[in-house]
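Mapped onto the numbering used here, the consecutive letters of the sequence shown carry residue numbers 43 to 1071.
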Amino acid sequence: MEEQVANAIEIAWNPSSDQALKAQAFDYLNQLRSDPSGWQVCLALFTKTPQHSEIVRHFALEVVNSAAQAGVIDIQALGYVRDGLMAYLRQVYGQNGAAGDPPNIQNKVAQTLTFLFSALYANGWETFFDDFLSLTYKSPSSSARDNPSGIVFYLRVVNSIHDEIGDVLVSRSRGEQDKANALKDLIRQRDMQKIASSWQEILSEWRDGSDMIVEMALRAVGSWVSWIDIGLVINQTMMDLLFQQLTRAQRAELRAGEEKVRDAAIDVFTEIIGKKMKPEDKIEMIAFLNLDTIVSQLSNSPPLYENRFTFKYDTDLAETVAKLVNITTADIVRALEQDGVTAECKEKASGLLQVFLPHILRFFSDEYDEVCSTVIPGVNDLLSYFRKIAKINPTLAAQQSAILLPILKAIIAKMRYDETSTWGEEDEQTDEAEFQELRKRLANLQQIIASVNEQLYMEAISELVGTTFENLRQSGGQMDWRDLDLALHEMFLFGDIAVRAGGLYTKNQPNNAAAERLVEMMARMVESDIRFFTHPATQLQYMEICVRYSSFFQYHTHFVPGVLEAFLQLAHHPVKKVKTRSWYLFQRLVKQLRSNVGNVAQTVVEALADLLVIQAELPSEGGDGDEMSSDDHDFADAIFNSQLYLFEAVGIICSTPAVSVDKQVLFAQSVSNPIFLDMERNLEAAKASDERALFQIHHDIMALGTLARGFSDWVPGTHSPSSLPPPEVSEAFGQVSEVTLVALESLKASFNIRTAARFAFSRLIGVLGSRILPQLPRWIDGLLTQTSSRDEMALFLRLLDQVIFGFKGETFPILDTLLTPFLQTVFAGIANPTSGTDDEIQLAELKREYLNFLLAVLNNDLGAVIISERNQPIFETLITTIEHFAKDIEDFTTAKMAFSLLSKMGSSWGGPDLAPDASNGTSPQGVTLPGFGQFMISRFSPLCWALPATPSFNSKDAQARQVLAEAGGLQRTIYAKTGMEYLEYLRNQELPSMGMGADLIQEFVGALGGSDVKGFRQFFPSFIQRLSA
């Protein structure tokens, strides 16, 4: 059978095997995996002499591993596996062994043995480490560990065991961690002394013989030190051995593999420092190890000192030493800032910190970002400590300037693009992203320094920016773009302290000293010729800064024309990234400076005319015809999404007070008329379902809506337009509305056209005001069709809420006409079956928007629309849907809203209060709908008990209690409107029919009659919870 299995493995992994034969082989091997005795064949296959091929042995051992870890092999059989493998190891790695197995097989065997260790070390294999240590000798008479293949395998097993039980980065269950802790205790008790001695003996014997053995031994020491007695590592013998390995760093040239040994020796010191212990012990250990001398020697070694600014610079060594510096710094700071640490310890730690500061600065200012990044956590800890003590004693801030200034200068230097960097190239995107991430981390450090010593920070940045702009002026723009970019970047960050109180200015004065400095910097920047900003990175920075600190221009309006001119130039930038970003920033700038830009509309419209030409691009892939699921119109044509900002910016500039009304109309028409013509040109093709034509019209409608937004400050849903544009401007946009409606009516089957039209409708309200209301039936007819999704219905309901809120009573006649057909469309959307999670989410959203719409109608005194003669036929359906939502145990949010809506109906149509709520004073009296009091008693009251009567209802659930509180509020509303009639109904009919006893009935009725609304809303959930107990 062994040969059969071996043949199957060979066939399965042979690329040239016949596919049918290969499939049979895989089937056979899968059966072998699932066979409870399959592991026995595989163990024999692995240990057989002469050996099978690597792939056969690897697969065979994998089957044994899987069976052991799955629990298929019992404890007794595990002993059999142990004996078989140990016999094999003595033969292959033992006294007369050859070179052993290749590394991948060794790792697989070590994995199996690690599992056996976990299972048997506590009971059954107490000689585990002795057995493997015996492999390190060539013969029993050997006085030194002289068997290289046996040593390598022993160290491989030792490192594998640490990974299994000691590696803190491995996630373990509580049971697994308890077992790992027990095994570590057992090792410490039984074998740790001999294991540590073996490391010393191996390092001593092989220090000049095998780099691989020395590296593996050092890795073992470094990994195990975190959970063993520190004295086993920090002793004279081991320290001498470690220092011997560190001397490799002093050599200018190392043979292949020696770098790994050197770095592993340094990592041992890093792991030693990382070991958890009390601050006093840690500071003593740092001093004892004389780490300052170690780091100094390493920093001055040829690879890091002589080669520092050459291509030979050893970044791996620099990063390894930086790790040691970082963790040492963090531990020193921890000792300084922890409470309860002795004064003597803090004094020693303070001295160590002074000694280590040059090392921190050396690696923090390293030219390579990965080296700098390694010490950022330690620098962050150090600066945070300075901030903490400066808050306690502000006078210390000045004393720390000698430490903070060099760190700040190093931060600023690291913020600069290095000489080899390029900007904007495709193959540099990863490097650029990493550099920007480094800048963010450095900016955080800068902010900490600013919070410790703001004056120091302000002086340093002011000097940098001032010097840079002076050099720019003197050189006539002949400056390295990296220097200018650095100054601009620091200017942008400077705002974090300059505008933190809300803005640059307070009562027409800079609001603090930092703001004063920033105002000076801004003046220097905008006085510079924009043509001096020759690099795309600096041009982007220029615009970002102007937008961030736009309030500067409100107090220095003479700079506005020059800045606008600069933005208009950059809007035509040849680099797409700069060009499209400039469009967005231009919109932001003119929006913030609307009252300061003056009469520049004609200049702007003419300058941007070529950029306002719309060219729709179809998505390059993933198009599902007409159905695109994106609410924010995130189409493939990213340029158009940026182009929309230009249309809004034009609208803003053309509608400023400085522009006459006739000119506003002229400019609005000059932008919109070409779009009208474009829509007309594409309409017939769009009707024929030409996809590009549909996209073109979609873009045209979006552009018109965005232009309208520029002309009006109104934000839908906040208030009605308090100051509509002049009537002549509104009339011009009336034509925009009409053209959009014509396109919508012709193309309403297109999802994209409906989406764009809904967008335009919400923006046109701001420029048309109530003029748009007569068109509302056409908008609804076009936006809500047979093919409209629930999502579209929900979004349009939200828009109608805004219309109602904005125009209130003016909407009554139109709502009266439209309500029935409109709600019938919504009812159909709610009733349609769902398929999948997305559908269910959209349905829930539609139900909530439907309830919100009805609440908006009632809250804006339009409730008469719902009960008008024209809409009476749908009243019953409307009530039924609300009742259904109030009983929905799967959607507590909607149920809560449903009860709230029913309460509002009661308040609106129930007539005067018969049982007023004293805590609320006099409630507003709504319309009295004849018979509605009895209707509430018979229809609404039973709903309050329907939800808690559902078997799966949990009255302790927080959301369920909120629904019950709303239900209690509804009952209190019914009582307020019907008084004793409701109490008698509850006492004699509703509560007895539910099987409630006389005492409970009396308690409930008494609470309802004797509590205010707030009190009863609290009572009802508690009452239900007691009933459910």
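All residues carry an ideal CB built from backbone N, CA and C; glycine is no exception. Remember, predicted model here, so these are calculated numbers, not experimental data.
By alpha-carbon positions, which one of the options ends up nearest to residue i?
{"i": "Ala1000", "options": "Pro1034, Gly975, Phe934", "result": "Phe934"}
{"i": "Leu893", "options": "Gln914, Phe849, Thr876, Leu839", "result": "Leu839"}
{"i": "Pro345", "options": "Cys387, Leu296, Ile449, Leu331", "result": "Leu296"}
{"i": "Ala164", "options": "Asp188, Ile717, Ile117, Glu932", "result": "Ile117"}
{"i": "Leu546", "options": "Val639, Val256, Val589, Phe977", "result": "Val589"}
{"i": "Thr464", "options": "Lys456, Asp473, Met457", "result": "Asp473"}
{"i": "Phe398", "options": "Val417, Val692, Glu467", "result": "Val417"}
{"i": "Val639", "options": "Leu498, Gln611, Tyr597, Leu654", "result": "Tyr597"}
{"i": "Ala455", "options": "Tyr410, Lys433, Gln471, Ala492", "result": "Tyr410"}
{"i": "Asp538", "options": "Ala492, Asp525, His577, Glu505", "result": "Ala492"}
{"i": "Ser185", "options": "Ile244, Ala238, Gln738", "result": "Ile244"}
Flag this pair as yes or no: are the beta carbons of residue i and residue j separated by less than 8 Å?
{"i": "Ala799", "j": "Leu786", "result": "yes"}
{"i": "Leu857", "j": "Leu806", "result": "no"}
{"i": "Ala802", "j": "Thr829", "result": "no"}
{"i": "Ala485", "j": "Leu560", "result": "no"}
{"i": "Tyr122", "j": "Ser191", "result": "no"}
{"i": "Ala298", "j": "Val200", "result": "no"}
{"i": "Gln706", "j": "Cys696", "result": "yes"}
{"i": "Leu749", "j": "Phe689", "result": "yes"}
{"i": "Val303", "j": "Arg290", "result": "yes"}
What number of angstroms, rounded off, separates the C-alpha of residue i from the C-alpha of residue j?
{"i": "Gly667", "j": "Glu733", "result": "For Gly667, the pLDDT reaches just 41, beneath the cut-off of 50, and the residue's location in the model is therefore unreliable, although a value from the coordinates is still provided. Roughly 8 Å between the two C-alpha positions."}
{"i": "Gly824", "j": "Leu1012", "result": "38 Å"}
{"i": "Ala870", "j": "Ser831", "result": "11 Å"}
{"i": "Arg99", "j": "Asp143", "result": "11 Å"}
{"i": "His675", "j": "Thr797", "result": "Confidence at His675 is low in this model, with a pLDDT of 44, below 50, so its placement is unreliable and the value that follows should be read with caution. So the two alpha carbons sit approximately 8 Å from each other."}
{"i": "Phe1058", "j": "Leu896", "result": "25 Å"}
{"i": "Glu669", "j": "Leu686", "result": "Reliability of the predicted coordinates at Glu669 is poor, the pLDDT of 42 falling under 50, and the value obtained from them is presented with this limitation in mind. When rounded, the distance between both Cα atoms is 22 Å."}
{"i": "Phe677", "j": "Thr622", "result": "In this prediction, Phe677 scores a pLDDT of 42, lower than 50, which makes its location untrustworthy; the coordinate-derived value is nonetheless stated afterwards. If I take the Cα positions, the gap works out to 15 Å."}
{"i": "His600", "j": "Leu635", "result": "13 Å"}
{"i": "Val413", "j": "Leu403", "result": "11 Å"}
{"i": "Phe609", "j": "Ser950", "result": "55 Å"}
{"i": "Lys320", "j": "Ser268", "result": "14 Å"}
{"i": "Ala555", "j": "Ile503", "result": "13 Å"}
{"i": "Asn513", "j": "Met521", "result": "8 Å"}
{"i": "Ser517", "j": "Asp571", "result": "12 Å"}
{"i": "His531", "j": "Ala452", "result": "15 Å"}
{"i": "Leu450", "j": "Ser407", "result": "10 Å"}
{"i": "Phe41", "j": "Pro972", "result": "Because the chain is modelled from 43 through 1071, residue 41 falls outside the range shown and cannot be assessed."}
{"i": "Leu120", "j": "Ser202", "result": "19 Å"}
{"i": "Ser58", "j": "Asp305", "result": "44 Å"}
{"i": "Asp253", "j": "Leu103", "result": "29 Å"}
{"i": "Gln396", "j": "Gly316", "result": "20 Å"}
Starting from residue i, trace the alpha helix (DSSP H) in both directions and tell me its first and last residue.
{"i": "His531", "result": "523 to 540"}
{"i": "Leu425", "result": "411 to 434"}
{"i": "Ile308", "result": "300 to 316"}
{"i": "Trp81", "result": "80 to 89"}
{"i": "Gly264", "result": "253 to 266"}
{"i": "Thr178", "result": "Counting along the chain, Thr178 falls outside any alpha helix (DSSP H), and DSSP gives it neither H nor E."}
{"i": "Ala886", "result": "879 to 901"}
{"i": "Arg1059", "result": "1055 to 1070"}
{"i": "Ala928", "result": "917 to 928"}
{"i": "Gln442", "result": "Note, Gln442: premise wrong, no alpha helix (DSSP H); not H, not E."}
{"i": "Lys790", "result": "Here Lys790 belongs to no alpha helix (DSSP H), and DSSP marks it neither H nor E."}
{"i": "Thr156", "result": "145 to 162"}
{"i": "Leu120", "result": "117 to 134"}
{"i": "Asp373", "result": "357 to 379"}
| field | the segment 564 to 574 in contact with the segment 617 to 624 per 3-pair CB rule at 8 Å | value | No, they do not touch.
| field | the segment 645 to 659 contacting the segment 739 to 756, beta-carbon criterion three pairs below 8 Å | value | Contact between the segment 645 to 659 and the segment 739 to 756 is present: 3 or more CB-CB pairs across the two stretches fall below 8 Å.
| If you pair each beta-carbon of the segment 422 to 438 with each one of the segment 376 to 383, do three or more pairs fall below 8 Å? | Touching, yes.
| query | So, do the segment 1040 to 1053 and the segment 981 to 993 have three or more beta carbon pairs nearer to each other than 8 Å? | reply | Contact between the segment 1040 to 1053 and the segment 981 to 993 is absent, with fewer than three C-beta pairs closer than 8 Å.
| field | the segment 182 to 190 contacting the segment 246 to 255, beta-carbon criterion three pairs below 8 Å | value | Touching, per the Cβ criterion.
| field | Any 3 or more C-beta pairs closer than 8 Å across the segment 107 to 117 and the segment 151 to 164 | value | Result yes; three or more Cβ-Cβ pairs closer than 8 Å.
| message | Tell me whether the segment 380 to 392 and the segment 297 to 314 touch, counting them as touching only if at least three CB pairs, one residue from each stretch, are closer than 8 Å. | response | Segments in contact, no.
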